[in-house]
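Asker: To start, I am sharing the structure in question, which I have written as structure tokens.
In the working numbering, the protein residues as written are 87 to 263.
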């Protein structure tokens, strides 16, 4: 997908995590993922319970989240406004009384409501509710003294490669959309 069309500002916005009891298991699996898939060393991270910046390693793209906020609100707000105006045109063409008799007000209200709905959807995109299970499981495992293998995939295909590799080793995973 072209970066100018993407709603999210994160470069690697597809994530997979797996929990391991030992650091050697996590590092061995990380090395195998880098060797056997299209993922690079920069996209695969092993975190331990004593690592200082666990949150930064799990969600490394603070700037990308801000870009997601701006892009999604502008894009989806504009799309909602267009959809609201199209609804006005359809209702006007159908001859709906209120719309025909109050065309300026109806067009303004429907466009504004469409934009508001688009921005509400953009808020959900920005919050990334699919990241909550990923963060909760990984942070809980780190607090319990376990090791986490975090994969930051650039595409759904890369995410699926990592997940398939982890599934083939019978490792339980948690992933984002």
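Heads up, the beta-carbon is just placed ideally off N, CA and C, and yes, glycines get one too.
To which residues of the same chain is residue 163 closer than 7 angstroms at the C-beta, ignoring the five residues directly before and after it?
Answerer: Counting only Cβ-Cβ distances below 7 angstroms, and skipping sequence neighbours, we find 201, 204, 205, 208.
Asker: Any idea if residue 175 is buried or exposed, counting beta-carbon neighbours within 10 angstroms, 16 or more meaning buried?
Answerer: The residue is exposed, with fewer than 16 neighbouring Cβ atoms inside 10 Å.
Asker: Report the start-end ranges of each beta strand (DSSP E) in the stretch 115-155 that is 3 residues or longer and not cut off at the edges.
Answerer: For the stretch 115-155, whole beta strand (DSSP E) runs of length 3 or above, ordered along the chain, are 130-133.
Asker: Determine the DSSP secondary structure at residue 108, reduced to helix, strand or coil.
Answerer: Coil.
Asker: Using 8 angstroms for Cβ pairs, my map puts residue 102 next to residue 249. What's the rounded Cβ distance?
Answerer: Going by Cβ atoms, the distance from residue 102 to residue 249 rounds to 5 angstroms, so yes, they are a contact pair.
Asker: What span of residues does the beta strand (DSSP E) with residue 239 cover, start to end?
Answerer: First-last of the beta strand (DSSP E) with residue 239: 233-239.
Asker: The alpha helix (DSSP H) spanning residue 197 covers which residue range?
Answerer: Note, residue 197: alpha helix (DSSP H), 189-213.
Asker: Drop a sphere of 10 angstroms on the beta-carbon of residue 172, count the other beta-carbons inside from all chains shown, and report buried for 16 or more, exposed for fewer.
Answerer: By the neighbour-count rule (16 or more Cβ atoms within 10 Å), residue 172 is not buried but exposed.
Asker: Could you compute how far the alpha carbon of residue 152 sits from the alpha carbon of residue 187?
Answerer: If you take the alpha carbons of residue 152 and residue 187, they lie about 43 angstroms apart.
Asker: For residue 240, which of 150, 180, 168, 210 has the nearest alpha-carbon?
Answerer: Here the closest residue by C-alpha is 150.
Asker: Per DSSP, what kind of secondary structure is residue 101 in: helix, strand or coil?
Answerer: Strand.
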